[in-house]
Amino acid sequence: MLKLMPLHRSDIEQRSAAAAEHYIVPLREGKPELGWEGDPDLHLVLHRLGHWELFRHEPAPGFPDQYRIVAKAPTGQQLNEGAINKLIRSLVDRDTRRPGNDAMAQLDAIDRHNERLEAEIEYEATDKLSATLEKVYYEVGKVDGRGGTIFHAIP
């Protein structure tokens, strides 16, 4: 299991602290040119292999505080200024406190996106399966003496 290393000055060496602060400051304090007002409860976590995650600290009175994951780095994405700006644009798009960002509309858009991805995966799997079945039926037809049986995929 990978050990998480929070990007806080007290937890990492001095040289990395400057870089960490450089990236966490716009997330916490805001970046007006991108329309981001900031969120002081955000925490950037860096894994030893260079993968990063963004969490939000949510105090729960009477219960243990919770850290909810907000974003993960795409595979192979390095933490740099461009990645932070892209992350901020994504946070602005999903911020339900902003006018016009309805939570239900966002959930519907996510559902539509996921359904489209699932349909593409299903189509590709069906396409691969039908090609394989066509070859199997052709070979069975040759052995059975019927010649080349043609397989028609049913959509």
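Position one of the sequence shown corresponds to residue 2 (the working numbering), numbered consecutively onward.
Cβ atoms here follow ideal geometry from the backbone N, Cα and C, with glycine treated the same way.
Original post:
Mind checking Leu47: buried by the 16 CB within 10 Å criterion, or exposed?
Top reply: buried
Original post:
If we call anything under 8 angstroms between Cβ atoms a contact, is Ala72 one with Gln78?
Top reply: no
**OP:** Starting from Arg90, trace the alpha helix (DSSP H) both ways and give me its first and last residue.
**Re:** Glu82 to Arg95
**OP:** Provide the residue span of the beta strand (DSSP E) that contains Lys73, from first to last.
**Re:** Gln67 to Lys73
Original post:
Along the chain, where does the beta strand (DSSP E) that runs through Leu55 open and close?
Top reply: Trp53 to Glu59
**OP:** Check whether the Cβ atoms of Leu134 and Ile89 sit closer than 8 angstroms, and answer yes or no.
**Re:** no
Subject >> Backbone CA spacing between Pro100 and Gly39 [nearest angstrom] >> reply: 16 angstroms
**OP:** From the DSSP output, read off the bridge partner residues of Lys32.
**Re:** Trp37
**OP:** Whole angstroms is fine: what's the gap from His114's alpha carbon to Ala126's?
**Re:** 19 angstroms
Subject >> Helix, strand or coil at Glu140 according to DSSP, with G and I counted as helix >> reply: helix
Subject >> Given His44 as reference, the closest of Phe56, His52 and Ile70 once Cα atoms are compared >> reply: Phe56
Subject >> Collapsed DSSP secondary structure at Ser11 in the structure displayed >> reply: Its pLDDT being 42, under 50, Ser11 is placed unreliably by the model, and the measurement read from it follows with that caveat. Ser11 falls in the coil class under three-state DSSP.
Subject >> Where Pro27 falls, given that 16 or more other Cβ within 10 Å makes a residue buried >> reply: buried
**OP:** Starting from the C-beta of Leu92, find all residues in its chain whose C-beta is less than 7 angstroms away, skip the five residues before and the five after it, and write them out in chain order.
**Re:** Trp37
Original post:
Which class does Arg113 belong to by DSSP, given the choice of helix, strand or coil?
Top reply: helix
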